[in-house]
Every structure is written in C-alpha cells, then in structure tokens.
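Numbering (our numbering), first residue to last: 1057 to 1371.
Notes for the one structure printed next.
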C-alpha cells in the first residue's frame, strides 16, 4: 500500500520534472510541454513539498538540480517507462481481442460451419477465429460462460436470453438404407412408419425433438427406437440398414450423392426449421465478432444455397 506522500505524486509531475532536468530551465520546459512557466514552477514546488526536499536551485536564468533531484531521476524515468509499457501491452491485447472471434457450433453444423467460417476468413484475413464444435448442451455452456462470443445452432435457448438472427432454412428429412422397402414408396403416411425401427439422438437434441414431435402431433404411438450419441453414428446405423432416422439434411449431402442413404418421401417431410447465429443478450461484441455476425446474416443464406445445391429440394 502506498503511503500518503507516494499517493500524492502524479505522472504529470514526473514528466515536468524530467523535462526540467533535461532543459535546466522552467521556461524551456514549459515551452516543451505546452505549459506556462508559472505552472511548471508550481508543480515542481508541490513535488518538492511532497518529497520534503528541494529539487532545484535558481542559477541566474537557469536552474541547478539538487542531489535529491539527481536521486529522483531514475525512479521518475522508471515510472514513465512502466506506464508506456503498460499502455503498449494493453493496446496490443486489445488489438488481438478486437481481431478475435470465438464461435461455438452444434455438431449438426460441422458439415458446413467450417466452410462458412473459411468464406468469412477469405474476406477478412486479419480476423483470428477460434472454433468449438459440441452438442447443444456444450454450446450453450460455452455461450453462457463467456467462452464463446457467437453460436451457430438450430434452436434458440430458453434458460437465458439471446439475440438470435435466422440466416438459412434448416431442413430435416427421414432417411433409410437405399434397399429399405419404404425407399420404393411415394407419399408415405405417418402411420406407415410406426411398425419400423428408428435410430434416434439423445433427448434434448434438435433431431430428437423432430422425431418425437412428428409422431406426437398425430397422436401415434412412438415406434421402437435405439438411441445413439451422434449424427455420425446414426448415419452409419442407417447405412447398415439398422433402421430409419430423422436427421438434418445438411449432414447427409455426401451420403445421398454417393447413394449410401435414401431420403424418404414421408408425410410432412422435409420439415423446415431455421439456422441461427446468436449471442448473449446485452453482451457487446468485439469488432471482429460483430463483423462475423453481420457477414452470416447478410451472406449466410446464399452460401447455404450454393453449398447444398445438390439437395433434392430447395431451401
């Protein structure tokens, strides 16, 4: 803790003192600092009073430094050097922060999210991007704890408030193995699906919500289902002809093109939802994060249309 004398010292006094030491004149120091000579003289008098020792003696039109002044010089220089260094360090930190965008995205978006981010990076090469891919709960935790500035996800959270901006349609489809009997039918009714086995995600995931609501809205008994912890595992199970699955069309583009899975012509499908870019309500975004948000809002839809141009239905 500083004593009373140290706390009374000011940075301006240190600046004036060092200038007076260099110029050996209050008048010249005043001109150098843009002050009046009386202002310089007053500040040096206050500094002397605070330290309890005279710092300068008049010698005609010039001034002479006392032994106390000579002893003070290295400390005054150290104070100013330390402050200049602090300003540079904080400025450098702020520049890095201004260029940083921390983005969390749900696992469903991993098929296009990195490509969307790369499209942004090409337009803004100075931006530094940190990406985290997790399930819905993981993304919400990163957003709420401040570990992510922005999130890409398909459903907005309920437990805390966000500012969310839809940037593209998000189609969910029903898929099967290409040799599954239902793949040969058109206009499959919901009731026709109940006897078949399904592969589902964990409760709370967007895919599981689509699955559950699809049957609940029609008052149908939910079909038998096996739970799996990722879309990748669900796709593998469907390709092994283990069952049917509701899934984001944005996760199966390559598998459809390769003929590994079939999109079924089921009643009420595809179900169109939304992709959102969002952040905590009231949280100010840094320059780069704000630029990324605006980029997604302005160009996200056209990017998605081009990226998923091979899907068998428009989005």
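Heads up, the beta-carbon is just placed ideally off N, CA and C, and yes, glycines get one too.
**Message:** Let me make sure I understand the geometry here. Which of 1085, 1350, 1135 has the alpha-carbon closest to that of residue 1117?
**Reply:** 1085
**Asked** Considering only the beta carbon of each residue, do residue 1157 and residue 1344 sit closer than 8 Å?
**Response** yes
**the segment 1172-1179 / the segment 1193-1203 touching (three or more Cβ pairs under 8 Å)** = no
**Residue ranges of each beta strand (DSSP E) within the segment 1218-1302, 3 or longer** = 1218-1232, 1254-1256, 1281-1283
**Asked** For the candidate residues 1129, 1108, 1165, 1094, whose alpha-carbon lies nearest to that of residue 1071?
**Response** 1129
**Message:** For residue 1232 and residue 1253, what's the separation of their Cα atoms in angstroms?
**Reply:** 11 Å
**Asked** Between residue 1276 and residue 1247, what straight-line distance do the alpha-carbon atoms span, to the nearest angstrom?
**Response** 7 Å
**Prompt:** Going by other Cβ atoms of all chains shown within 10 Å of its Cβ, with 16 needed for buried, is residue 1340 buried or exposed?
**Reply:** exposed
**Message:** Report the start-end ranges of each alpha helix (DSSP H) in the segment 1145-1208 that is 4 residues or longer and not cut off at the edges.
**Reply:** The qualifying runs are 1169-1179, 1192-1201.
**Prompt:** Near residue 1154, what residues of its chain come up, given a Cβ to Cβ distance below 8 Å and the 5 sequence neighbours on each side ignored?
**Reply:** Result list for residue 1154: 1342, 1343, 1344, in chain order.
**Item:** Close Cβ partners of residue 1312 (< 7 Å) along its chain, the five nearest in sequence each way excluded
**Value:** 1319
**Message:** Does residue 1259 pass the burial test, meaning 16 or more other C-beta atoms within 10 Å, or should it be called exposed?
**Reply:** Residue 1259 is exposed by the Cβ-count criterion.
**Request:** Please name the residue or residues paired with residue 1118 in a DSSP beta bridge.
**Result:** 1115
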